[in-house]
Every structure is written in structure tokens, then in C-alpha cells.
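Residue numbers (our numbering): 956 to 1292.
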Amino acid sequence: MLIVMRQDATAEQIQAVVEKIKELGFKPHAIPGSERTAIGITGNHGPVEPDLFELLPGVAQAIPVSQPFKLVSSEVKPERTVVNVNGATIGGESLAVMAGPCSVESESQLMACARAAKAAGAQFLRGGAFKPRTSPYDFQGLKEDGLKLLALAREETGLKVVTEVMSPGTVDMVARYADVLQIGARNMQNFPLLEEVGDAKRPVLLKRGLSATIKELLMAAEYIASRGNYEIVLCERGIRTFETMTRNTLDLGAVIVLKQLSHLPVIVDPSHGFGLRYGVIPLARAGVAVGADGLIVEIHPEPEHALSDGPQSLTLPMFQELMRQIRLVASSIGRRI
Ligand code: PEP
Ligand code: MN
956 MLIVMRQDAT AEQIQAVVEK IKELGFKPHA IPGSERTAIG ITGNHGPVEP
1006 DLFELLPGVA QAIPVSQPFK LVSSEVKPER TVVNVNGATI GGESLAVMAG
1056 PCSVESESQL MACARAAKAA GAQFLRGGAF KPRTSPYDFQ GLKEDGLKLL
1106 ALAREETGLK VVTEVMSPGT VDMVARYADV LQIGARNMQN FPLLEEVGDA
1156 KRPVLLKRGL SATIKELLMA AEYIASRGNY EIVLCERGIR TFETMTRNTL
1206 DLGAVIVLKQ LSHLPVIVDP SHGFGLRYGV IPLARAGVAV GADGLIVEIH
1256 PEPEHALSDG PQSLTLPMFQ ELMRQIRLVA SSIGRRI
């Protein structure tokens, strides 16, 4: 249920609706909008009687929300969300570009990436300190030492830090260093983790699970929003299909569907979406063309020596070329970087 207030509703009238929702044992969610105030209701297990609200002063309408992902749906909020990460925005007219190594490996490796990312025009530095690896014998990340290096790189370059958090118990620690908490594909349905980042009051980058449907991705986002954290960015990073020539199949149609069904910004990860360096620039162009609000790209000063995802990591000059090309695509569709 969504309670839409009249444009001239007073603060007291809005508060009375909030109190009424609480009184019924449900949770109110104020949905910001430039034209009107709306209040979403969650926590109800059956339909809510519209009359309970429509008779209250200041209420324009009580609308049932048909989608199961309520708070993140465009039914509840027709305007697009712009996530503001300490001054760097995701969503809106300008594209957000996140670049950096798959794993933080050393100060020199990370700083080389950060400087190249900054020089080419990215606003965010990505880099994993906690790595979800298929084999327990593979490099697992530098953990807190990696987070410290990310913070150091932010200090020098001003880039905002995006890094993965893998377990509910480390959310506090990662949030001390990160500007954006990344939920990896393998954890998209780790519900305790989603709840913990929902409580964390930090923007979240939620990557689509390896075999997750679009609806499952939106329901995962809803877990985060239901805890009161609405600063969520969705990421299409390729799904597992019968195809074996590429690491994953980048589902660009999903970007279109997600932007239709949800007000949240959507970015594309062409690196994991293809798995091989030569496909990254073309898919980055395609992602921008299809309407993504940004990109997350893996880069490395020496991809052949990378401790993870070397084959899909762009060299630093290649990243510069990627930026040049996506600027052209962006300007042709009325967006910029
Ligand atoms: C990553 O970003 O390095 C990563 C592990 O991505 P994903 O969770 O999409 O596989
Ligand atoms: Mn990776």
C-alpha cells in the first residue's frame, strides 16, 4: 500500500499518517519526491483497507502496490533515484564509472589503478579486499589491510571506494573504510547479509546472482530497502547460460527491464559479464547505449600477473580508451560522464 499525500499536506498531517501506520503494527517508509510526499507501508501480510487512510486529512489517495518488490518499484516512486555517494552521484544524467582491480594486491598495484582511473575520468575506485573465490586455495584478499590501502587511495585521488562485504559480521568493519558496500553475485540471496547492509546507512551496490532472475534481484534489493536503506544501485554482471565461450552472458535486456520496473539506478559490469579482455570495451559501449547509469570495470597495471580475474582486466591504456569511447556513446544519447 502506498499513501500519497496531497501537495498541500502539512507536516502534521504526514506525521499523523506515519503514526496510524505504526499503530496498525506496520512499518512506514517516507518516499521522497519533488512533487508530492508518499508513504509506503510494509509489514502487512494481507491487504490494507484504503479507507483507513483515505479519510485522514491531507491524504490524496491510498494505492495498493501490485509488485512484490514494493519499495524499490517504480509504482511506489515514479521518479528515478539518484544515489549520492559523498558528492559523487549514480543515476541522473551523468554516468558513474567505477574502475579498479578485481583484488587489492599491493599499494603499488592499487595506486597505479587509482591514478589511472582518476586521470581517465572515473569517480569511483573498485577493489576487493574480501574475495569470494571458487577455490579455497585461491587468493582470498588482503582483508583489512586491503581496506586500508583503499582508504589511502581515496585520500590521494578523491575517488569514492566501492568494495565487497561478504559476511554480516564484517559489515561494520568494511563500512568504516568503504563509501559503497558491494554485495557480490554469490551473496545476492544471503538474507542476513542483506539485512545487515540494510541497517548500515551506506549506499549498496547489489550485483545480480549468477542464476538469479530479475525478480529475485529486485526482491534482494527490497530486503535492503525494507530495513530503511534506500541507497541501492543494481548491477547486471552477466548470468550463467549454456554458453561456454564467454564467462557469463551479459543480459543487457535486464537493464531495460530493471529500469522499467524500478526507480533504482542500474549499472553494468562488462568485465564479469564477458570474462575476456577483448569483449569489455564493446560491452561497455553497449551498456551505456542501452541506458545503464554507469559501469564497473576491472583494470590492472599488469593483468598477466593479477592474482584474480587477470584475463578480463583491462590494461590502464585500454581503460583510457574505454572512457574515450563511452563518452562518444553517452553524448549521442544525451548523457555525459
Ligand atoms: C568482483 O566484482 O570482483 C566480483 C567478485 O564480482 P561478482 O560478485 O559479480 O562475481
Ligand atoms: Mn573480479
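Glycine residues also receive a C-beta, built at the ideal position from the N, C-alpha and C atoms.
Asked	Found
For the alpha helix (DSSP H) containing I1174, list its first residue and its last residue.	Residue identity differs from the one stated: residue 1174 is Met in this sequence, not Ile. Element bounds for M1174: I1169 to S1181.
Determine the contact status of A1133 and L1149, defining contact as a CB-CB distance below 7 angstroms.	no
Of the residues L1207, G1265 and P1033, which one's Cα is nearest the Cα of L1238?	L1207
State the start and end residues of the unbroken alpha helix (DSSP H) segment that holds A1043.	No alpha helix (DSSP H) contains A1043, which is instead part of the beta strand (DSSP E) from A1043 to I1045.
For the ligand MN, is there any heavy atom lying closer than 6 angstroms to the beta carbon of D1093?	no
Give me, in chain order, the residues of the same chain whose beta-carbon lies closer than 8 angstroms to that of Q1078; leave out the 5 immediate sequence neighbours on both sides.	A1043, A1051, V1052, M1053, L1114 and K1115
Within the same chain, show all residues whose beta-carbon is closer than 6 angstroms to that of S1226, passing over the 5 residues directly before and after it, in chain order.	V1235, V1252, E1253 and Q1267
Determine the direct distance from the alpha carbon of E1009 to that of T1125, and round the result to whole angstroms.	44 angstroms
Between which two residues does the alpha helix (DSSP H) holding Q1280 run?	L1271 to S1287
Would you tell me roughly how many angstroms separate the C-alpha atoms of A1084 and S1217, rounded to the nearest one?	30 angstroms
May I ask you to list the residues that DSSP assigns as paired with P983?	I996
For the ligand MN, is there any heavy atom lying closer than 6 angstroms to the beta carbon of C1068?	no
Helix or strand or just coil, what does DSSP make of F1197?	coil
Measure the Cβ-Cβ separation of N1184 and G1139 and say whether it is below 7 angstroms.	no
Residues in its own chain within less than 7 angstroms of T1204 by CB, not counting five upstream and five downstream?	G1193, I1194, T1196 and E1198
Quick check: the Cα distance between L1097 and E1060, rounded to an integer number of angstroms?	7 angstroms
With DSSP collapsed to three states, give me the class of S1226.	helix
Under a three-way DSSP split, which group does S989 fall into?	coil
Is K982 closer than 7 angstroms to T992 when the C-beta atoms are compared?	no
Is D1264 near the ligand MN, in the sense that its beta carbon is under 6 angstroms from a heavy atom of that ligand?	yes
At a cut-off of 6 angstroms, would you count C1190 as near the ligand MN, judging by its Cβ distance to the nearest heavy atom?	no
Please state the DSSP three-state secondary structure of A964.	coil
Using only CA atoms, which one of E1119, M1066 and K1156 lies nearest to R1088?	E1119
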